[in-house]
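Here numbering that gives the first Met the number 0 is used: the first residue of the sequence shown is 0, the next is one more, and so on.
Even glycine gets a Cβ: it sits at the ideal position worked out from N, Cα and C.
Note that the coordinates shown come from a computational prediction; the quantities given were computed from them, not determined experimentally.
Comments concern the structure below.
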Amino acid sequence: MNSIFDKIIEPTEKFTFLVGAGISMDTPSRVPSAKKFVETLVRLCVPVKEIDSILQKESLRYEVFIEQIQQYIDKSLRFLDFLETKMEPNIIHYFLAHNIINNKNHVITTNFDYLIEYALVKLLSKEEKKKINPIILRKQYLDLNQINDLTNITQFLLFKLHGSKRNLITEQNTFESLVTTISSLGKGREEGETFNIEPYKKPIISKIIKDRALVILGYSGSDDFDITPFLKEIIQYKKIIWIDHIPESEDIEINNFNSVQNSDLSKQEKFLYHIKNTHNIETSLIKANTKTFISEFLWPRILQSVEITKIKSEDDMNYLDFDEWIKTLDEYKNIDIITQYKFAGYLYYSLSDWRNALRVWQKGLEMAKSMNDIKGEAEFLTNVASLPSSELTLDKRLENLEIAKELYNNLNDYEGQSSCLNNIGIIYSNNVDFKNAINYYLESLKLNEIHDDLEGSIVPLLNLGATYGKMGNQDKALDYYQRVISIVNKTGDLQHKAQALMNIGVVYKASGENEEALKFFEDALKIDILLGTLPEQTVRLNYIGLLYQELGDYDKALDFFNRGLYLATEINDYESKVSLLHMIGNLYAFLNNEEEATNNWENALKICEEQDMIHNKINILNSMGSSAYNLGNYDDALELFNRSLEVAQRIGDKNFIIEMYNSIAVVSHSIQDYERAYNSYLMILDLLKDEDNIESKAKYLRSMAISYYSYTQDGEMAIEILKEAQEIYERLGDAQTKEEIKKDIEQIQYQ
């Protein structure tokens, strides 16, 4: 074993150590894990009945949870002050400190504790302690980057990549440097980048890993937020040695990635395999107990003549329990029940668990009313009315939002008013009342601009973009989305960044730029996967599947559809499940597999009936009708289009009614039932008489004229109708269609 390690770890090499939270869990340090922090805080901050439900959520990431804690419970993240009580370094901290002092090796840490600093303090004389320099702030990174050769620096540098609440050596408050929430992980990134370290840190970090052996300790690699994307980008290290911690009782394993790997790899293994095979860089994954491996293998090889530091016995230590300590903070003392219900709802919402969010917010609303908590009542009313899965009718949603808006107005709460205005706008937009929707969004945007609230401006800007996109004004939609991207790159709001990227992709897809659209969809999906937002993932997978279908890669399209369907089924997201079954059915129909197409459509229709999803039902019946028509089954097609028309008429959806009449007319013309075709076009034009869309009128006038002539052989009247359509196309500047109609007229004249 020693001979193997001699090949991997050469004492004469220069090393840079990248260390994560795992190094601080061993005695005598015993810093709680991220999972422990989350578990304790959940038990204090949510209603007792919700604790188990929330803790069982596999998608509950530390960074997502802490985002909610900072927003609603603990703005200063005082729970991290517990790290101030941890002052006893373990053997790993001393090993790293000696590397900084004796070997001029570099250490980069993502940890918020001060244990490497304490190890340095304990090892250095009073005069030398002044040379300890934790690199935390932007200015420090920029200043260091001006120095070409860091080996000549007399200071003892420690790079705190994710920041620190304070500089232990200078006592300076450095709270703003912390990178511990989802927003902070997404803040200040370069254009086109979401997951990477901040741009100002890159040059110096690149410099200190260049031509060195990079040793990774205490870091699982389970996330891809910033470390691994950076290491994939900056290929300047000589080799990578990754120590994967295992219990002391297990045997050491070494993987040098020399052979072809199977697909069942961990994220760290995939990363190392990629680096080895793409860049021909030596990589090693060593599964070992970190403390034992350092004391028995790394210390003797790298530090050689330095005596191993003696660590205090556990018997000499008096450990402070985080569960008890946290209760001494005012933020966590006796959190009131209204706040607990709000917070639990926001946690569920952040995890896209709409049903549980609705349940706890409805309970909170009852309590707020009984306790005469006006602000709480307004907040719960808004949240319940705006949930995607809300069981309220449209009128009840509007009523709740108007009540909440008035309550917020009385409280002079512009943020609450803005939220209500946005949600009212969404209701109008979904009801195809775009003019009213835009007015509400603009009013919301104006409120936030008056108060210089960048983050508050994100939602109305997104909604304005979406509405203009629905109206066909893609340039204006794209402008609003780009404004959102500009803001979220400053604020770090990754959830809304994903939505903006998705919407930009939709704009490119609408303009036929499928390859460009795919890039944006995939970027949005990557964010959603890391955030753990499953409903959003199903939407992205659906769109990506559609794009691959349009690009002709049907196997890939089906794979993405099925991935989305699996997720939608897992989380009971009926809307996405129906949409994906519909798309899978359409794809099978395109591939002439009518049996599979019908099975998927029928499954989707069954859910539509159970969940009263009327619009989806119309779309599916339309697809089934189109498929029957393409197969020449005209009677089946007419029956399906008529079923769809009946449903559309029942809900009064004019756009769907027009679409169904058009489909019925097309089928009728194909079977030479010209009278029904003509009458269907008459119905369409009657529906369009008060509309401004003259292009649609011209299109249907032309079709009606052809059907009318086929039905009556009245060429004079048919030509008159065609000339009316021709005049409209002339006003629209559409010379090509105008010329086509001229040929239609000539064909009638010569018959």
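For a test of the three-state rule: what should DSSP assign to R701, helix, strand or coil? Here the question's residue 701 lines up with position 702 in the sequence shown. It is helical.
Stretch pair the region 126–135 + the region 160–168: three plus CB contacts closer than 8 Å: Taking 8 Å as the limit for Cβ pairs, the verdict is that the region 160–168 does touch the region 126–135.
Give the range of the alpha helix (DSSP H) segment to which N147 is assigned. The sequence position of residue 147 within the sequence shown is 148, counting from 1. Neither: N147 is in no alpha helix (DSSP H) and is coded neither H nor E.
Can A343 and V45 be called in contact, C-beta distance under 8 Å? Along the sequence shown, read from residue 1 onward, the residue named residue 343 stands at position 344. Along the sequence shown, read from residue 1 onward, the residue named residue 45 stands at position 46. With a cutoff of 8 Å on beta-carbon distance, A343 and V45 are scored as near each other.
Among the residues of its own chain, which have a CB less than 8 Å from the CB of Y479, if the five just before and after it don't count? Working through the sequence shown from its first residue, we reach residue 479 at position 480. Taken in chain order, the residues that qualify are L460, L461, L463, G464, Y467.
Could you name each continuous alpha helix (DSSP H) segment of 4 residues or more that falls completely within the region 385–423, going from the start of the chain to the end? Complete alpha helix (DSSP H) runs here, min 4: 393–409.
Measuring straight from C-alpha to C-alpha, what distance separates L54 and F36? Residue numbering aside, residue 54 sits at position 55 when the sequence shown is read from its first letter. Residue numbering aside, residue 36 sits at position 37 when the sequence shown is read from its first letter. C-alpha separation (whole angstroms): 12 Å.
E192 versus A523: straight-line alpha-carbon distance, rounded: Counted from its first residue, the sequence shown places residue 192 at position 193. Counted from its first residue, the sequence shown places residue 523 at position 524. Because the pLDDT at E192 is just 47, under 50, the model does not fix this residue reliably, and the value given afterwards should be weighed accordingly. For E192 and A523, the distance between alpha carbons rounds to 11 Å.
Contacts around I656, its chain only, beta-carbon distance under 7 Å, and the 5 residues preceding and following it disregarded: As a first step, residue 656 is located in the sequence shown; it is residue number 657 there, counting from the start. Closer than 7 Å at the Cβ level, and outside the excluded window around I656, lie L644, A647, Q648, L686.
Helix, strand or coil: which one does DSSP assign to L579? Against the sequence shown, residue 579 aligns to sequence position 580. In the structure shown, the three-state DSSP call for L579 is helix.
In chain order, which continuous runs of the alpha helix (DSSP H) of length 4 or greater are located wholly inside the region 474–515? DSSP runs (the alpha helix (DSSP H)) wholly in the region 474–515: 493–509.
Going by CA-CA distance only, name the one from Y113, E57, L59, E723 that's closest to V30. Translated into positions along the sequence shown, residue 30 becomes position 31. Between V30 and the set Y113, E57, L59, E723, the nearest pair of CA atoms involves Y113.
So, are the CB atoms of L284 and D250 less than 8 Å apart? The count along the sequence shown starts at 1 and reaches residue 284 at position 285. The count along the sequence shown starts at 1 and reaches residue 250 at position 251. No, they are not a contact pair.
Is the CB of D451 under 8 Å away from at least one CB in chain D? Although the question refers to chain D, the structure presented lacks it and comprises just one protein chain.
Put L557 into one of helix, strand or coil per three-state DSSP. For the purposes of this step, residue 557 is identified with residue 558 of the sequence shown, where counting begins at 1. In the structure shown, the three-state DSSP call for L557 is helix.
For the beta strand (DSSP E) holding E295, just list the boundary residues, first then last. Counting from 1 along the sequence shown, the entry for residue 295 is found at position 296. For E295, there is no enclosing beta strand (DSSP E), since its DSSP letter is neither H nor E.
From N172 to G162, what distance separates their C-alpha atoms? Taking the sequence shown and counting its residues from 1, the one referred to as residue 172 is at position 173. Taking the sequence shown and counting its residues from 1, the one referred to as residue 162 is at position 163. Approximately 11 Å, taken between the alpha carbons.
Taking L230 as the reference, which of S205, N144, M582 has the closest Cα? Here residue 230 refers to the residue found at position 231 of the sequence shown. Among S205, N144, M582, the Cα nearest to that of L230 belongs to S205.
Assuming V305 is part of the beta strand (DSSP E), what are its boundary residues? Taking the sequence shown and counting its residues from 1, one reaches residue 305 at position 306. Where V305 is concerned, there is no enclosing beta strand (DSSP E), given that its DSSP letter is neither H nor E.
Identified DSSP bridge partners for A664: Here residue 664 is taken as the residue at index 665 of the sequence shown, counted from 1. Under DSSP, no beta-bridge partner is assigned to A664.
Can you give me the start and stop residues for the alpha helix (DSSP H) that A20 sits inside? As a first step, residue 20 is located in the sequence shown; it is residue number 21 there, counting from the start. Per DSSP, A20 belongs to no alpha helix (DSSP H) and is neither H nor E.
Integer-rounded CB distance, given that N541 should sit under 8 Å from S485: As a working mapping, residue 485 is identified with position 486 in the sequence shown. As a working mapping, residue 541 is identified with position 542 in the sequence shown. Rounded, the Cβ-Cβ distance is 27 Å, inconsistent with contact.
Alpha helix (DSSP H) containing S205: first to last residue? Translated into the one-based positions of the sequence shown, residue 205 becomes position 206. Element bounds for S205: 201–208.
Check whether I90 and L123 have beta carbons under 8 Å apart: By one-based count along the sequence shown, residue 90 stands at place 91. By one-based count along the sequence shown, residue 123 stands at place 124. Cβ distance not < 8 Å, so I90 and L123 don't count as in contact.
Quick one: what's got a C-beta closer than 8 Å to I613's C-beta in the same chain, skipping five residues either side? Taking the first residue of the sequence shown as position 1, residue 613 is located at position 614. Cβ neighbours of I613 beyond the five flanking positions: C607, V646, R649, I650.
Could you tell me the distance, in whole angstroms, from the CA atom of Y218 to the CA atom of Y345? If you number the sequence shown from 1, residue 218 lands on position 219. If you number the sequence shown from 1, residue 345 lands on position 346. So the alpha carbons of these two residues sit roughly 29 Å apart.
Which class does P299 belong to by DSSP, given the choice of helix, strand or coil? Counting from 1 along the sequence shown, the entry for residue 299 is found at position 300. In the structure shown, P299 sits in a helix (DSSP, three-state: H, G or I).
For D527, the three-state DSSP class (helix, strand or coil): Residue 527 sits at position 528 when you count from the first residue of the sequence shown. Here D527 sits in helix by DSSP.
Within a Cβ cutoff of 8 Å, which residues of the same chain sit near L59, ignoring the five residues on either side of it in sequence? Locating residue 59 in the sequence shown gives position 60, counting from the first residue. Taking L59 as the centre and dropping the five residues before and after it, the same chain places the C-beta of V37, I53, L346, L350, G531 closer than 8 Å to its C-beta, in chain order.
Would you call D322 buried or exposed, if buried means 16 or more other Cβ atoms sit within 10 Å of its Cβ? Residue mapping note: residue 322 aligns to position 323 of the sequence shown, counting from 1. Exposure of D322 is indicated by the presence of fewer than 16 other C-beta atoms within 10 angstroms of its C-beta.
As assigned by DSSP and simplified to three states, the class of V106: The residue you call residue 106 lines up with position 107 of the sequence shown. Here DSSP, grouped into helix, strand and coil, assigns V106 to strand.
Measuring CB atoms only, is the region 198–216 touching the region 12–21, in the sense that at least three cross pairs come out at less than 8 Å? Contact between the region 198–216 and the region 12–21 is present, because at least three Cβ pairs lie under 8 Å.
Would you list, in sequence order, the uninterrupted beta strand (DSSP E) runs of no fewer than 3 residues that lie entirely inside the region 221–286? Scanning the region 221–286 from its first residue to its last, the whole beta strand (DSSP E) runs of 3-plus residues come out as 238–244, 252–254.
Would you kindly check if the distance between the Cβ of G624 and the Cβ of S662 is under 8 Å? To locate residue 662, count along the sequence shown from 1; it is residue 663. To locate residue 624, count along the sequence shown from 1; it is residue 625. It is a contact, given that the beta carbons lie within the stated cut-off.
Alpha carbons only, please: which of F155, K374, F433 is nearest the one belonging to N472? In the sequence shown, residue 472 corresponds to position 473, counting from 1. Selected option, being the one with the closest Cα: F433.
Considering just the uninterrupted stretch of the beta strand (DSSP E) at N132, what are its terminal residues? In the sequence shown, residue 132 corresponds to position 133, counting from 1. N132: member of the beta strand (DSSP E) spanning 131–134, first to last residue.
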